[in-house]
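Undergrad:
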Amino acid sequence: MTAYDAVWLNANLATLREGETPYGAIRDGAIAAREGRIAWVGARGDWNGKAAIEHDARGAWITPGLVDCHTHLVYAGNRADEFEQRLKGKSYADIAREGGGINSTVRATRAASEEDLVTLARRRLAQWLAEGATVLEIKSGYGLDTAGETKMLRAARGLGDCITVKTTFLGAHALPPEYNGRPDDYISLVCDQMLPAVAPLADAVDAFCENIAFTVKQTARVFAEARKLGLPVKLHADQLSDSGGAQLAAQFGALSADHLEYTSEAGAEALARQGTVAALLPGAFYFLREKQVPPLGALRRHRVPIAIATDHNPGSSPLTSPLLAMNMACTLFRLTPEEALAGMTRNGARALGMQATHGTLGVGKSADLALWEIESPAELAYVAGANPNVGVFRNGHSARGQQTRNE
Ligand code: DI6
Ligand code: FE
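Per my numbering: the sequence shown = residues 1 to 407.
1. To the nearest angstrom, how far is it from the Cα of residue 265 to the Cα of residue 8?
2. If we ignore side chains and look at the alpha-carbon of each, how far apart do residue 43 and residue 371 end up?
3. For the ligand FE, I want to know if residue 238 counts as a neighbour, meaning its beta carbon is within less than 6 Å of at least one of the ligand's heavy atoms.
4. Looking at the strands, I want to know which residues DSSP matches up with residue 258.
5. Jot down the residue ranges of each uninterrupted beta strand (DSSP E) in the segment 129 to 215, minimum 3 residues, whole runs only, in chain order.
6. Taking just the CA atoms, how far does residue 317 sit from residue 283?
7. Just to confirm my understanding: we take residue 302, look at its own chain, exclude 5 residues before and 5 after, and list those with CB closer than 6 Å. What are they?
8. Starting from the C-beta of residue 39, find all residues in its chain whose C-beta is less than 7 Å away, skip the five residues before and the five after it, and write them out in chain order.
9. Can you tell me whether residue 103 is helix, strand or coil according to DSSP?
10. For residue 35, does the count of other Cβ atoms within 10 angstroms reach 16, so buried, or fall short, so exposed?
11. Identify which residue in 359, 182, 354, 322 has its Cα closest to the Cα of residue 381.
12. When the Cα of residue 388 is compared with those of 127, 118, 116, which residue comes out closest?
13. From 314, 229, 347, pick the residue whose C-alpha is nearest to that of residue 66; which is it?
14. By DSSP, does residue 405 sit in helix, in strand, or in coil?
15. Residue 373 lies in the beta strand (DSSP E); which residues open and close that run?
16. Going by C-alpha to C-alpha distance, which of 385, 226, 373, 399 sits closest to residue 10?
17. Taking its Cβ as the centre, do 16 or more other Cβ atoms sit within 10 Å of residue 410, making it buried, or is it exposed?
18. Taking 8 Å as the threshold, find out whether the segment 162 to 179 comes into contact with the segment 119 to 139 through three or more Cβ pairs.
19. Can you tell me where the beta strand (DSSP E) holding residue 393 begins and where it ends?
20. Leaving aside the five residues before and after residue 179 along the sequence, list all residues of the same chain whose C-beta is less than 7 Å from its C-beta, in chain order.
21. Quick one: what does DSSP say residue 64 is sitting in, helix, strand or coil?
22. Does the beta-carbon of residue 203, which I'm using as the reference point, lie nearer than 6 Å to any heavy atom of the ligand FE?
23. Just the Cα atoms here: how many angstroms apart are residue 101 and residue 210?
24. Since I believe residue 16 is in contact with residue 342 (beta carbons under 8 Å), could you give me their beta-carbon distance rounded to a whole number of angstroms?
25. Taking just the CA atoms, how far does residue 357 sit from residue 365?
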């Protein structure tokens, strides 16, 4: 008889495996782990294994640990004062002209030590852990010089003890003040000096391709360099205008193209051809009071995998709740609750190139489990502000010293 390290019984499973029941659901299921991986999943009645630890889930639903595939969690300072100024009538452009906006976060982040950045990010991270997240992507992009970007990526990796972290180098996020009027020179710095220096600390490379940031041509230079270093790419694409970002992302075989509010049908088709994930970010849409929603119909028609993420950052999406991001994806973008949950699990993992190891409850995957006191998985996208999480396990181990509720 095979021995397992742990089994969860008296649970309903939302496996999120594709092509099965809605949510890949198994009512009254059992799930067992060995050496940090899922080793058995099925109906309780079929379970006759032996496990060193038996967890009584007391009727909870178990989903894969949530995967937030797009965040800017590491930074110093905040921009609440700008939020206040905007509500008193000042425009984003006025604030940027006066040295605020992204550059105020760049100043604060450059001035902070790596330890400060870890402390601040760890404090924010508590909410992701409380809501059952086990994987988080974190971008750089507020250093905008080699030392600052290196410091941010190191700080992000420093959080790996409590959550699985994927780091993304976003040197091409904004033009730092010392390069004012010289964007091509800055892109040369990114390509020739920053990228080679940060490559060992980065799992992927991202850029902000937008009329207020970098052009398609500048972004393509960064991506070509990433390719030489063997790093996969992702892109902030078509957030405020259709700049052909989706097509550019597809052309470089990007893991994901993110935002996509202004993406055309042709853009959606290009993503589908490459298997590039569409990562939708309703937090930024909400906070910036955008009007145009991503082309959900085209994404569905072309069967583009859709991920949902918080895009947590101090400027355009101070959202710290993956569950609320799922709710917003439904209310603002009209995703179904099942699409929203798949977006924060299976497709979030795919957007990070982790589909072989994360994002569904399948044999061989990491034993990353979130337990929820809910009656149906649709409740996860429905509760707007509540947190029904009652446990989270990463690689089979409790991720916050709590196994199931009341224990
Ligand atoms: N997209 C955004 O909306 C921002 N960055 C990005 O890539 C804004 C980030 C900030 O304002 O700090
Ligand atoms: Fe972002």
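Backbone N, C-alpha and C fix where the C-beta goes; we use that ideal spot for every residue, glycine too.
TA: The relevant details are as follows:
1. 44 Å
2. 17 Å
3. no
4. 236, 279
5. 133 to 139, 164 to 172, 204 to 209
6. 5 Å
7. 268, 269, 272
8. 4, 32, 33, 363
9. helix
10. exposed
11. 322
12. 127
13. 347
14. The pLDDT assigned to residue 405 is 40, lower than 50, so where the model puts this residue is not dependable; a value taken from the coordinates is nonetheless given after this. Reduced to three states, the DSSP call for residue 405 is coil.
15. No beta strand (DSSP E) holds residue 373; DSSP gives it neither H nor E.
16. 373
17. In this structure the chain extends from 1 to 407, so residue 410 is not present and cannot be described.
18. yes
19. 389 to 394
20. Excluding its 5 nearest sequence neighbours in each direction, residue 179 has C-beta neighbours in its own chain below 7 Å: 185, 186, listed in chain order.
21. Strand, per DSSP.
22. Residue 203 Cβ: outside cutoff for every heavy atom of the ligand FE.
23. 16 Å
24. So it is a contact: roughly 6 Å between Cβ atoms.
25. Near 5 Å, if we compare the C-alpha coordinates of residue 357 and residue 365.
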